[in-house]
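Report on the following structure.
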Amino acid sequence: MRMITRRIGFYIVTAVVAITVNFFIPRLMPGNPVLAVLGRVQAQESKQAIAALEVQYGVATKTGLWGQYVQYWSRLLHGNLGTSLNFYPASVGGLIRAALPWTVALVGVATVISFVLGTLLGVAAAWRRGSWLDGLLPSMTFFQAAPYFFVAILAVALFATKLGWFPPNSGYDTTTLNPGLDWPFLSNVLDHAVLPALTIVLASIAGWIIGMRNMMITTMDEDYVLLAQAKGLPARRVVGYAARNALLPSVAGFSLAIGFIVSGALLTEIVFSYPGVGYLLFTAIGSDDYPLLQGIFLIITLAVLLANLAADFVYAFLDPRTRQEA
Amino acid sequence: MTRLLRSPKIVVGLCLSVVFAIVAIIGPLIAPYNPNASASTTISTPQPPSAAHWLGTTQVQQDVLSQLLVGGRSTILVSLVAGLAATVLAVLFGVAAGYFGGLGDDLLSMLANIFLVLPALPLLIVIFGFLGKGASPNDAVIGVIIAITGWAFGARQLRAQTLSMRNRDFVDSARIIGEKSWRIMSFEILPNLIPVVATSFLFTVIYGVGTYTALSFLGVINTSHWSWGTMLYWAQSAQAAQQVHLEWWWFVPPGVAVGLFGTGLALLNFGIDEFVNPRLRGAGLTGRAARRAGLPRRPQLGLTPVLRSARRAS
Amino acid sequence: MNSSDILISVRGLCVDYGLGDEAVHAVVDADLELRRGETLGLAGESGSGKSTLAYAITRLLRPPGVITAGSAYFGSSVNLLTAGQRELRGLRWNEIAVVLQSSMNALNPVLSIGTQFSDVLRAHRPDMSRADRRARSGQLLEMVGIPADRLSSYPHELSGGMRQRVMIATALALDPSVVIMDEPTTALDVVTQREILEELMTLRDRLGFAVLFISHDLSLLVEIADSIAVMYAGRLVERAGASAVFRAPRHPYSLGLLSSFPALHGPRQAMEGIPGSPPDLRDMPSGCPFHPRCGYAFDRCRSDPPPPLLELDAGTRAAACWLQDGREAVPAELALTAVDAVSANSGGRA
């Protein structure tokens, strides 16, 4: 338990750092970009939009830097992430709230599939060294090295455009359906989610496979695995002895992986115009919508920290050695 | 050293890396056209590969091959700078933290962990989003900024290795003789860390190329500055993959280029890994000699192989 | 001796690490016999091949180990070298159990002790109910002096001595006829060593299993073993009853080992030890592997192929030394009888 409380403390510190960094970046950039953007949009946006932006970024304000920082924090703690410039008067929080479920569902499901499948394949590749599974590794490495969005583009090109099996974009067919908990809508959502999910799985699975395989090979050298064989335990149980231990570094490395997977998922959404946070981010970049950009950064960071915390819980559950008070 | 070259992974990885190094150096020099030049103003759809344009053209009739060659230098350069800068930072922070311990170690570890957990791409998007509008950064600066998010992994590994080495006898004796700390770190500890530094460097370069390509693809980095990611940005804007007449020549080359570059480096990494950790190699009982002796093709745990000659005789 | 009493018989076993020219000959031409209820000590320095031999017999040797020649039988019917996975699995732990040296590494760190007991019982006694398994596991723990409520503990929660006891209890779970012990007490402090060895001997006397006890500590083997086989550079160099080896060694290496122990009583003697160090198995000297370090070596030791185990004393013991082949004059220290030895090895143990 002490380990968990220490981790929670660490994540809180990291969140504070992220929030602080988020506050300082626009104020530290050379050439004062906010002013530049303001100058450009002066003509197009309404007076309120400009005013809101000025307040958020402390342009031409009397409050000092520390005062602005405090105000920033109090706004955050009230759930106020600012107002979008591009979608004025929509609030950043509201926009993100609409897009987040799509991303969470996609990333969540795809990551679980990738982890489970990758781990199983890794165990199999280690147990049956010299089998055809070893040939899988180079091609999987290529998919891992190629950028997520390229795999996405390939998936679109092959399965959507060429073969026509799955739709090439969107979260669901906006022209014919309305959101609801009915089967036509849900099946349509699933239909649209297959290719994005496939992309994420393909691009991330190699890491799990190779990591698990290498760890299994090292673990199978341990005495307790030899003893399990000596005890005449069935093969499945011996594999289990090794896998249960080899799994630990994969779970520990999950925190590193989740950052990559989330980034990759964002890029995938762009290719598919999938209505998640990634696509929202893309429009924010294209339209210089700074409040939205920064709001998304914060939410993504917090989500990744939460996922890490979950992984830490799982690790503590799997490894009884961590439960001991030092 | 020569044993390294016996591994097929290293050989392939090395070849790929060398090819890309050559592209980085001479790419823009051998490009047949100016990547910005439009061959024609009347045609408005991308043209498939032809004699004049080996990889076809983009929507505005720019030569894809030229873009690939020119963009290659930028992409590879940024990745290398990112890898180099990140590795330097990792060595500085990691070895220092591991060697000195105490409060400095605690702080540096905390810093590294924070950077490890913070999602890199969103952070870089915010940085470049603000940066790009005020000043247009050049390749080296981009590389360094990317390195800021990529040093933490290597630093943690180097710190762990340094910690395990700090208590070894040869370090102790150096300290007793009175060698200065920085000399001990540079000449006693660092030489033993070379494999870790090498894999860390390769890993960070892969990270760099992926991140830089992603940032260009998003349009966060100046889209008129050619790189493989930028090519994909324009291809995606024109929905090249969604067209009925698949404009594959536009998006496949840059993507495959990035993939192959990364694969080459990854293979090098695997090769070094296998070299350092001999268990990952075949353990000497595979191959033709083994099969001729009648050993099973796959070594089975808990079943020591017996030569065919011994099996028959017993 | 009834032949049905022979549990393990090994003839001419050769074990290599690796294949082809670069193969290292870890065990050469080993002959061994283990009878029901007998305790056989396998003695030798590190790298002598004693562990390799024991693991090879049970086919547990890790890659790149390969068995290249010889035979190994369990009882009169089971050919250990040609047996398949299933046959071996039936034999393992039921008849042949193993106790490893390092208990920390030998117990799965993420599973409780109870689970690890239960796995063994479930694999070999499928008819046992969960309650029965639990009861039997508790019984096994109590047998080695650990309270049954520790079944739910994890390995890292136990001390080194307790873990080794758990290992022993696990080994005896199915009442095997042979227990192979690979330096089971080397990793422990002396006090715990003594405790565990005494418990082991009590259990052995009570349950009657045969023991193949591997150790570098010859003095220990002299105490607990019925017979001892000494190995050097992959070969068996002497085989005899325990007290015979101790009081009247026939091989110069055994003699050297015995003079390395200080006597508890009697006048102080200069310690001799054996000059030099064991050979690199990849670069063996010609002829007898021990001759570079042997005080009695003569020409034949260098020029002829290594001596086989020569039977002595009407076949009750054997030594692999040209001095013992009947053609040479045997130095007095290598020709003692048990009676002379009492005065010669003044003040030794037992």
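Residue numbers (my numbering), protein chains in the order written: chain A, 1 to 326; chain B, 1001 to 1314; chain C, 2001 to 2350. For glycine and all other residues, C-beta sits at the position ideal for the given N, C-alpha and C.
Report all residues from its chain with a CB closer than 8 Å to the CB of residue i; omit the five preceding and five following residues, and keep chain order.
i	result
C:Gly2114	Arg2134, Ser2137, Leu2151, Ser2152
C:Ser2260	Met2271, Glu2272, Gly2273, Ile2274
B:Leu1260	Leu1016, Phe1020
B:Phe1217	Gly1229, Thr1230, Leu1232, Tyr1233, Gln1236
C:Leu2107	Ile2113, Gln2116, Pro2155, Arg2163, Val2166, Met2167
Is the CB-CB distance between residue i and residue j below 8 Å?
i	j	result
A:Thr331	A:Leu305	Residue 331 of chain A is absent from the structure shown; chain A starts at 1 and stops at 326.
C:Asp2119	A:Leu233	yes
C:Leu2309	C:Ala2320	yes
C:Gly2402	C:Ser2048	Outside the shown range of chain C (2001 to 2350) lies residue 2402 of chain C, about which nothing can therefore be said.
Contact check, residue i vs residue j under 8 Å by CB: the rounded distance?
i	j	result
C:Leu2034	C:Arg2059	16 Å between Cβ atoms; not a contact.
C:Asp2175	C:Leu2220	Wrong, their Cβ atoms sit about 26 Å apart, outside the cutoff.
B:Ala1155	B:Phe1203	Actually they are not in contact, since the Cβ atoms of B:Ala1155 and B:Phe1203 sit about 12 Å apart, beyond 8 Å.
A:Leu365	B:Phe1153	Nothing about residue 365 of chain A can be read from this structure; chain A reaches only from 1 to 326.
C:Ala2043	C:Met2181	Between C:Met2181 and C:Ala2043 the Cβ distance is about 13 Å, and since that is not below 8 Å, they are no contact.
C:Asp2226	C:Glu2038	5 Å
A:Val151	A:Leu202	6 Å
A:Ser273	A:Asn169	4 Å
B:Ile1272	B:Thr1199	6 Å
C:Leu2172	C:Leu2121	Their Cβ separation, rounded to whole angstroms, is 12 Å, which puts C:Leu2172 and C:Leu2121 out of contact at 8 Å.
A:Ala125	A:Arg213	4 Å
A:Ser84	A:Leu292	5 Å
C:Ile2196	C:Thr2185	6 Å
A:Val17	B:Ile1114	5 Å
I'd like the span of the alpha helix (DSSP H) that includes residue i, first residue to last.
i	result
C:Tyr2253	2252-2258
A:His192	183-219
B:Ser1200	1194-1218
B:Thr1263	1248-1276
C:Ser2137	2130-2143
C:Ala2173	Premise fails: C:Ala2173 is in no alpha helix (DSSP H) and is neither H nor E.
A:Leu305	290-318
B:Ile1146	1139-1150
Tell me the DSSP secondary structure of residue i in three-state form.
i	result
C:Phe2261	coil
C:Phe2209	coil
B:Met1110	helix
C:Tyr2017	strand
A:Phe260	helix
A:Val123	helix
C:Glu2198	helix
C:Ile2146	coil
A:Ala242	helix
B:Gly1072	helix
A:Asn22	helix
C:Val2110	coil
A:Ile96	helix
B:Ile1221	coil
C:Arg2349	Its pLDDT being 38, under 50, C:Arg2349 is placed unreliably in this model, and the coordinates cannot settle the point.
Excluding the five sequence neighbours on either side, which residues of its own chain have a C-beta within less than 6 Å of the C-beta of residue i, listed in chain order?
i	result
C:Arg2282	Val2024
B:Ala1240	Glu1247, Trp1250, Phe1251
C:Gly2160	Leu2188
C:Leu2218	Ala2043, Leu2257
Under 7 Å from any heavy atom of the ligand GDP, does the C-beta of residue i make it?
i	result
A:Gly79	Absent from the structure shown: the ligand GDP. Ligands present: none.
Just curious, the beta strand (DSSP E) that residue i is in, first and last residue?
i	result
C:Ser2227	2227-2232
C:Tyr2073	2065-2074
C:Ala2030	2024-2035
C:Arg2239	2235-2241
C:Ile2096	2096-2099
For residue i, which residues in the same chain have their Cβ closer than 7 Å to its Cβ, ignoring the five residues on either side in sequence?
i	result
A:Tyr69	Phe23
A:Ile258	Val304, Ala307, Asn308
C:Ala2064	Inspection of the sequence shows that residue 2064 of chain C is occupied by Pro rather than by Ala. If we look at C:Pro2064 and ignore the five residues flanking it on each side, its Cβ neighbours are Tyr2017, Gly2018.
A:Arg323	Ala316
A:Ala311	Val251, Phe254, Ser255
A:Ile153	Val271
C:Leu2312	Arg2250, Ala2318, Ala2319, Gln2324
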